[in-house]
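Asks: Below is a structure I'd like to ask you about.
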Amino acid sequence: MSASELETYLQRAKCRGVDIEECSISQLQKYLSKGTFTSRDLTQCYLQKITRINPRLRAVIETNPDALDIADRLDAECRAGHIRSPLHGIPFLAKDNVATKDRMQTTAGCAALTGTIVSEDARVITLLRDAGAVLLGKANLSEFASMRSSYYAEGYSSRGGLNRNPYNLQHNTGGSSSGSASSVASNMCAFSIGTETDGSVMFPADRNAVVGIKPTVGLTSMRGVIPEAPSMDTVGPFGRSVEDAVTILGVIRERGESEDLMPYTTLLSKKDTLHGAKFGLPWKRVWESVSHDCEYETVYKFLMGVIHKIEEAGAQIIKVDLPSAGEIMPPDGWDWTYGEGKTHSKFSEFEVVRSEFYHSLQVYLDGLEKNEKGIRSLEDIVAYNIENTTVEGGVPGTHRAWPLGQDNFHKAIETKDQPKEIYIRALEYVRRKSREEGIDAALQHEGKQLDGLLVPLQAEGGVACSVAAKAGYRMITVPVDIDKHGVPFGIAIIQTACKEDLLIKYGSAIEDLVRGRTLPRFLNLEAKNYPYVG
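Under UniProt numbering, the first residue of the sequence shown carries the number 1, and numbering increases by one thereafter.
Below you can see the structure in the form of structure tokens.
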């Protein structure tokens, strides 16, 4: 790698001579309002940044051919004195499993779905367009949101290639919303949206030094999103600050017909808000596992330092445990087949996910306006991947991104004629153990509810994220620092249902205390390895 190529990646984005690198949404809006530059200028600037650094990062699958025209229309509205929202004229990226009724594809990164035409924009896209945001393009992802295999290269899709971590290209960028996080981290857009079933917003946000919010399931609509497991699926925002992330969430959240909602940004706070707060530290199989992992020794010490800072700011830290930890939290790290204290359980998260995926994907495919390749079922996708195995790795051992082929797809197909009672029992078990006997119980201390559970997303400690996923509960993660490999890490807060206000209040307070976001360094720019998970 030449010094000049690295300099190309490190070069800061400028718009009409103004350095917009790391600009917040509100800062960009001020520039637009003052006429320092237009939305067209800003959109063009981000498109140029994508052209410059995306070839190695592969964070963006495709750019929107209509982006500049959209920006022009919004500029005209601005000149006429009409500003739709704080997002007016602000460019963003959407994960490629979020439907857009335009000249772009919606494929979940899968070649089998190229040529399909959706009947309408996803609900969240409609809300963002109505707010005046400029859809810049589609972000790369782990194909089919990490559903197709139990062992795979994180951040890889056949359409987009391997999305690499802009901090260290040899290391995992997190997934499945890989491109959504890394594009925001590397300033290819102002913000992005991703989706999460289990960890797909939290992990990439954590590993890209951005703020990710996984809302309560149902707060954001999944209409028009290629599904994985509707009982757990949610759309969440990525921003370079808590303020940016909650600004986006305020636009994409659902509202009741007569609901008068307070703007989420009014809940933002500073570090002095931590005084008097009470947080739980889930110890068994969460913090305990990170403390015992030699690879994460430095990270653990730093996170404990952050916990100490939170205490010094006046908060109380209490060690707690999830009563169901031994039953639903595997001792050796994330495993969604784990339940009843054993692997491959019929009462596991995977039992729920594989059944919901098979049947909800069928509904999505049935609703397509056009289907060029005639893909009508998951079985058709499996067959296409086998026929095109050199590109899609449908046969085990034929593609380095998917050593096991598409084993999870096959397991999902097994549920086609499975008695519904098996699925219902698994769902009831998973919800009870993750909610009443899990997070809700851990949040209760001496008859009062704690203000949140503080959890790591590193090593086996990341299983806490899986419990929140099973429960359908919300999380926020904020950047803390970088590890010995130059890869970011953060700290997350878990809360029970419909407590987004507490996440915002204390997430922003911890962000103000720590101020841990750093810019990408693009280490190992010529990396060729594939980082696997599973």
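C-beta atoms are modelled at their ideal positions from N, C-alpha and C, and glycine is treated no differently. On a predicted model such as this, the values are computed, not experimentally measured, just so you know.
Mind reading off the beta-carbon distance from Cys45 to Ala13? Whole number of angstroms is fine, and I expect it under 8 Å.
Replies: 6 Å
Asks: Any idea which residues DSSP pairs Asp19 with across the strands?
Replies: Note: Asp19 is bridge-paired with Lys14 in the DSSP secondary-structure output.
Asks: List, from N- to C-terminal side, the alpha helix (DSSP H) runs of 4 residues or more that fit wholly inside the stretch 404–453.
Replies: 407–413 and 420–434
Asks: Leaving aside the five residues before and after Glu351 along the sequence, list all residues of the same chain whose C-beta is less than 6 Å from its C-beta, in chain order.
Replies: Once the five neighbours on either side are set aside, the close Cβ partners of Glu351 are Ala426.
Asks: Where DSSP assigns a beta bridge to Met475, which residues make up the other side?
Replies: Lys214 and Ile494
Asks: Closest to Glu295 by C-alpha separation, out of Glu327, Thr265 and Gln458, would be which residue?
Replies: Closest option to Glu295, Cα to Cα, is Gln458.
Asks: Which residue marks the beginning of the alpha helix (DSSP H) containing Val363, and which one marks its end?
Replies: Glu349 to Asp366
Asks: Using CA atoms only, rank isn't needed, just tell me which of Thr63, Glu77, Asp19 and Asn140 is closest to Ser33.
Replies: Glu77
Asks: How many Å lie between Arg432 and Lys470 at the Cα?
Replies: 9 Å
Asks: Taking the C-alpha atoms as reference points, what is the distance between Leu267 and Lys505?
Replies: 5 Å
Asks: Just how far apart, CA to CA, sit Glu7 and Phe522?
Replies: 10 Å
Asks: What does a CB cutoff of less than 8 Å around Tyr423 pick up in its chain, not counting 5 residues either side in sequence?
Replies: Glu351, Val352, Ser355, Glu356 and Thr415
Asks: Taking 8 Å as the cut-off, does the stretch 276–290 touch the stretch 435–448 (at least 3 CB pairs, one atom from each stretch)?
Replies: Touching, yes.
Asks: Under 8 Å, with one C-beta from each stretch per pair, do the stretch 286–302 and the stretch 478–497 reach the 3-pair mark?
Replies: yes
Asks: Check whether the Cβ atoms of Gly99 and Ala122 lie closer than 7 Å to each other.
Replies: Per the sequence shown, the amino acid found at residue 99 is Ala instead of Gly. It is a contact, given that the beta carbons lie within the stated cut-off.
Asks: So, at 8 Å on beta carbons, what are the nonlocal neighbours of Asp75 in its own chain, with the 5 sequence-adjacent residues on each side left out?
Replies: Thr38, Ser39, Arg40 and Gly89
Asks: Give every residue of the same chain whose Cβ lies closer than 6 Å to the Cβ of Ala71, excluding the five residues on either side of it in the sequence, and list them in chain order.
Replies: Ser39, Arg40, Thr43 and Val134
Asks: Can you tell me which of His308, Leu322 and Thr234 puts its alpha carbon nearest to the alpha carbon of Gln316?
Replies: His308
Asks: If I follow the unbroken beta strand (DSSP E) through Ser192, where does it start and stop?
Replies: DSSP places Ser192 inside the beta strand (DSSP E), whose first and last residues are Phe191 to Glu196.
Asks: Within the same chain, show all residues whose beta-carbon is closer than 6 Å to that of Ser508, passing over the 5 residues directly before and after it, in chain order.
Replies: So the qualifying residues of the chain are Val242, Leu268 and Ser269.
Asks: If you follow the beta strand (DSSP E) that Lys138 is in, where does it begin and where does it stop?
Replies: Val134 to Ala139
Asks: Would you say Pro419 reaches chain B, if we count a Cβ-Cβ gap shorter than 7 Å as a contact?
Replies: Given the protein chain composition of this structure (a single chain), no chain B is represented.
Asks: Determine the contact status of Cys189 and Pro86, defining contact as a CB-CB distance below 7 Å.
Replies: Not closer than 7 Å, so no.
Asks: I need the DSSP call for Ser258, collapsed to helix, strand or coil.
Replies: In this prediction, Ser258 has a pLDDT of 49, which is less than 50 and means its spatial position is unreliable; what the coordinates show is noted afterwards. Note: Ser258 maps to coil in three-state DSSP.
Asks: Would you call the CB atoms of Ala59 and Asn163 closer than 7 Å?
Replies: yes
Asks: What does the alpha-carbon distance come out to for the pair Ser258 and Leu249?
Replies: Summary for Ser258: the model assigns pLDDT 49, below 50, so the residue's position carries little reliability; its value from the coordinates is reported in the next sentence. Distance between the alpha carbons of Ser258 and Leu249 is about 19 Å.
Asks: With DSSP as the reference, label Tyr152 as helix, strand or coil.
Replies: strand
Asks: Taking 7 Å as the limit between beta carbons, can you name the residues of its chain near Val487, skipping five residues before and five after?
Replies: So the qualifying residues of the chain are Asn165, Tyr167, Asn168, His171 and Arg207.
Asks: If you follow the beta strand (DSSP E) that Ala94 is part of, which residue opens it and which one closes it?
Replies: If you look at Ala94, you'll find it in the beta strand (DSSP E) that goes Pro91 to Lys95.
Asks: Are the beta-carbon atoms of Val124 and Ile252 separated by less than 7 Å?
Replies: yes
Asks: When you compare the CB positions of Asp244 and Phe203, do they come within less than 7 Å of one another, or not?
Replies: Going by C-beta atoms, Asp244 is not nearer than 7 Å to Phe203.
Asks: For Asn168, does the three-state DSSP call read helix, strand or coil?
Replies: strand
Asks: CA-CA distance, Gly179 and Tyr384?
Replies: Cα to Cα, the separation comes out at about 25 Å.
Asks: For Gly239, which of Asp321, Ser119, Asp130 and Gly194 has the nearest alpha-carbon?
Replies: Residue Gly194 holds the alpha-carbon nearest to the alpha-carbon of Gly239 among Asp321, Ser119, Asp130 and Gly194.
Asks: Count the other CB atoms, across all protein chains shown, that sit within 10 Å of the CB of Leu10; report buried if there are 16 or more and exposed otherwise.
Replies: exposed
Asks: Tell me the residue span of the alpha helix (DSSP H) that contains Thr30.
Replies: In the sequence under discussion, the amino acid at residue 30 is Lys, which differs from the Thr named in the question. Ile25 to Lys34 is the span of the alpha helix (DSSP H), which, as asked, contains Lys30.
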